[in-house]
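A.B. asks: Below is a structure I'd like to ask you about.
Chains as they are written, first to last, in the numbering used here: chain A, 1 to 231; chain G, 232 to 508.
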């Protein structure tokens, strides 16, 4: 009897979605990293916290985005979860640790959990209004990779060149080559046309995190290289 | 301190303010409404700034608090003691040593560095408020980027006095979009807002608004081609450190008209005197 219980505890422990060991100080530390990432778009930071269980499909979420959820979500927030991340375990963990309400309506979501693969530019996330632009969805996106070039080197041959508030000159961020990554960055680049309405995005890859708020100007590095060739 | 959460505010309030701060950073210069709490000090004493500081402050941060540039005046001393008690953080008067600086009406003379956060106490966050009393109207004016009336106000100064007479809370435009009140800092400090490597956060407690200027953001003071923006200058130098390029306070020294001019930034002045000595 005792032995059977021990075995069961062992297996469930691997499946436990971890909370913050010290909620007040851990969430402060993580928040400052998130604040830094949004203040200086395209910079990378690594969040130190236990990773969620490595069980598909929700394992794609990674430690960084789980840390954002634990830091920012509570019973006042609505969270939308993309189908390819969704699992009963994630829903249960989200509700248990944060008390956040899970919604099926992307337009009412404060936060949206998704992956680059499932990003669909047609999903009607909230972009705020001209009078209240802050009432928009913050996208939390698991991406293929996160690499940046803080020097904004002119010889970068892939990724996206960022400029605007929080960036002294320019900075190159690469989130991956997939069609979803391209669609996502194209959608975020469109923020400028509707500013101050728009989507703010926080990217996670494992424990690594970067962000692009709606104030950032985005240009494809490849497009620039192409135009230079034709010149 | 027993009986209180770290940094006084409860965790849910901090999360609410933190979410608002992220939106403020994402929309530079836009005033984000937040659920301002009653703080154990009256409105007008920096309750907005205190709530922002409480939401960002960590146990290992070093805090500096200034009031009109000085570390040793009532408002600065009381807020510094408040955070020493409720967060147990280390405090400093040295601008270079601080991670978080809460300020009332000044930007330190010593250039800020990347990674520092400057928290401003704001009495009235709406730059259009004295022109248009209705919140609904000013919100619409921001939405439509309808700022002509602000230029009319500055023009009226020129028509009446021959120059732009606004000397503090001088309106700025952030990243070419939002007109913003930089809080009642002297216009002498306005150029420091532009492209500053530090993150600047603004909190108004009574009005329950917060806004932000991310690092390296373009911030222009409103002006006219034929009346360009200018900062104040003085014939005097600081009587204590001899500085001829800092913001000076006039101090009355007796009842016979005696007066002296000294740096308003006490840390800057003391550092200079230490270097000279």
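C-beta: ideal position from N, C-alpha, C; glycine also.
Given the structure is predicted, the values throughout are model-derived calculations rather than measurements.
Let me make sure I understand the geometry here. Which of A:181, A:121, A:115, A:108 has the alpha-carbon closest to that of residue 220 (chain A)?
C.D. replies: With distances taken between Cα atoms, residue 220 (chain A) lies closest to A:181.
A.B. asks: Going by other Cβ atoms of all chains shown within 10 Å of its Cβ, with 16 needed for buried, is residue 104 (chain A) buried or exposed?
C.D. replies: Burial call: exposed.
A.B. asks: Measuring CB to CB, does residue 298 (chain G) end up less than 7 Å from residue 285 (chain G)?
C.D. replies: The answer is no: Cβ separation not under 7 Å.
A.B. asks: Does DSSP classify residue 449 (chain G) as helix, strand or coil?
C.D. replies: Here residue 449 (chain G) sits in coil by DSSP.
A.B. asks: With a threshold of 7 Å between beta carbons, is residue 279 (chain G) in contact with chain A?
C.D. replies: Not one chain A Cβ lies under 7 Å of residue 279 (chain G).
A.B. asks: What do you reckon, are the CB atoms on residue 184 (chain A) and residue 148 (chain A) nearer than 7 Å?
C.D. replies: The answer is no: Cβ separation not under 7 Å.
A.B. asks: Strictly by DSSP, which residues pair up with residue 208 (chain A)?
C.D. replies: The partner list for residue 208 (chain A) (beta bridge, DSSP) reads A:46, A:205.
A.B. asks: Can you confirm whether residue 351 (chain G), when its beta carbon is compared against all beta carbons of chain A, has any partner nearer than 7 Å?
C.D. replies: Cβ-Cβ to chain A under 7 Å: no for residue 351 (chain G).
A.B. asks: Per DSSP, which one or two residues make a beta bridge with residue 138 (chain A)?
C.D. replies: For residue 138 (chain A), which the question treats as bridged, DSSP gives the partners A:111, A:200.
A.B. asks: For residue 128 (chain A), which residues in the same chain have their Cβ closer than 8 Å to its Cβ, ignoring the five residues on either side in sequence?
C.D. replies: Counting only Cβ-Cβ distances below 8 Å, and skipping sequence neighbours, we find 134, 135, 136, 196, 197, 198.
A.B. asks: Anyone know if the C-beta pair for residue 100 (chain A) and residue 77 (chain A) falls short of 7 Å?
C.D. replies: Closer than 7 Å, so yes.
A.B. asks: Tell me which residues of the region 25-39 of chain A have at least one Cβ-Cβ distance to chain D shorter than 9 Å, keeping chain order.
C.D. replies: The structure shown contains no chain D; its protein chains are A and G.
A.B. asks: How would you label residue 392 (chain G), buried or exposed, when you count the other beta carbons within 10 angstroms and need 16 or more for buried?
C.D. replies: Exposed.
A.B. asks: Check the Cβ-Cβ distances between residue 210 (chain A) and every residue of chain G, and say whether any is below 7 Å.
C.D. replies: No, residue 210 (chain A) lies away from the interface with chain G (no Cβ there is under 7 Å from its Cβ).
A.B. asks: List the endpoints of the continuous beta strand (DSSP E) containing residue 295 (chain G).
C.D. replies: First-last of the beta strand (DSSP E) with residue 295 (chain G): 293-298.
A.B. asks: State buried or exposed for residue 79 (chain A), treating a residue as buried only when at least 16 other CB atoms are found within 10 Å of its CB.
C.D. replies: Per the 10 Å Cβ criterion, buried.
A.B. asks: Would you be able to state if there are at least three C-beta pairs under 8 Å between the region 302-317 of chain G and the region 447-465 of chain G?
C.D. replies: Because the criterion of three Cβ pairs below 8 Å is not met, the region 447-465 of chain G and the region 302-317 of chain G do not touch.
A.B. asks: Leaving out five residues on either side along the sequence, give the residues of the same chain with a beta carbon under 6 Å from the beta carbon of residue 255 (chain G).
C.D. replies: Result list for residue 255 (chain G): 263, 441, 442, 443, in chain order.
A.B. asks: Looking at chain G, which residues of the region 165-181 of chain A have a Cβ within less than 7 Å of any of its Cβ atoms?
C.D. replies: Those would be 165, 166, 167, 168, in chain order.
A.B. asks: Could you list the residues in the region 351-382 of chain G with a C-beta less than 7 Å from some C-beta on chain A, going in chain order?
C.D. replies: Per Cβ criterion, the list reads 370, 371, 374.
A.B. asks: Closest to residue 492 (chain G) by C-alpha separation, out of G:504, G:498, G:454, G:478, would be which residue?
C.D. replies: Comparing Cα-Cα distances from residue 492 (chain G) to each of G:504, G:498, G:454, G:478, the minimum goes to G:478.
A.B. asks: Going by other Cβ atoms of all chains shown within 10 Å of its Cβ, with 16 needed for buried, is residue 352 (chain G) buried or exposed?
C.D. replies: Burial call: buried.
A.B. asks: Which ranges does the beta strand (DSSP E) cover as unbroken runs of at least 3 residues, wholly within the region 53-137 of chain A, from first to last along the chain?
C.D. replies: If we require 3 residues or more, the beta strand (DSSP E) runs fully inside the region 53-137 of chain A come out as 78-81, 101-103, 111-115.
A.B. asks: Residue 261 (chain G) touches chain A at which residues, Cβ-Cβ below 8 Å?
C.D. replies: Correct list: 133, 134, 196.
A.B. asks: Taking 7 Å as the CB-CB limit, is residue 402 (chain G) close to chain A?
C.D. replies: With 7 Å as the cut-off, residue 402 (chain G) does not count as an interface residue toward chain A.
A.B. asks: Can you round the beta-carbon distance between residue 67 (chain A) and residue 94 (chain A) to whole angstroms, since I take them to be within the 8 Å contact cut?
C.D. replies: With a Cβ gap of about 13 Å, residue 67 (chain A) and residue 94 (chain A) do not count as contacting.
A.B. asks: Spell out the partners DSSP gives residue 443 (chain G) in its beta bridges.
C.D. replies: BP columns for residue 443 (chain G) point to G:432.
A.B. asks: When you compare the CB positions of residue 164 (chain A) and residue 215 (chain A), do they come within less than 7 Å of one another, or not?
C.D. replies: Against a cut-off of 7 Å, the Cβ pair of residue 215 (chain A) and residue 164 (chain A) comes out as a contact.
A.B. asks: Could you check what DSSP says for residue 318 (chain G) in three-state terms: helix, strand or coil?
C.D. replies: Reduced to three states, the DSSP call for residue 318 (chain G) is helix.
A.B. asks: Do you know how far the Cα of residue 107 (chain A) is from the Cα of residue 252 (chain G)?
C.D. replies: Looking at the two C-alpha atoms, the distance is approximately 21 Å.
A.B. asks: Measuring only between beta-carbons, confirm whether residue 257 (chain G) sits less than 7 Å from chain A.
C.D. replies: With 7 Å as the cut-off, residue 257 (chain G) counts as an interface residue toward chain A.
A.B. asks: Hey, is residue 433 (chain G)'s beta-carbon within less than 7 Å of any beta-carbon in chain A?
C.D. replies: Taking Cβ atoms only, chain A never reaches closer than 7 Å to residue 433 (chain G), which makes this a no.
A.B. asks: What residue range is occupied by the uninterrupted alpha helix (DSSP H) comprising residue 245 (chain G)?
C.D. replies: Run containing residue 245 (chain G): 242-257, per the alpha helix (DSSP H) assignment.
A.B. asks: Would you list, in chain order, the members of the region 72-84 of chain A that have their beta-carbon closer than 9 Å to a beta-carbon of chain G?
C.D. replies: Within the region 72-84 of chain A, the qualifying residues are 72, 73, 74, 75, 76, 77.
A.B. asks: Could you have a look at residue 239 (chain G) and say whether DSSP puts it in helix, strand or coil?
C.D. replies: The answer is strand: DSSP assigns residue 239 (chain G) an E or B state.
A.B. asks: Pairing CB atoms from the region 481-488 of chain G with CB atoms from the region 324-333 of chain G, are three or more of them under 8 Å?
C.D. replies: Verdict: no, contact absent.
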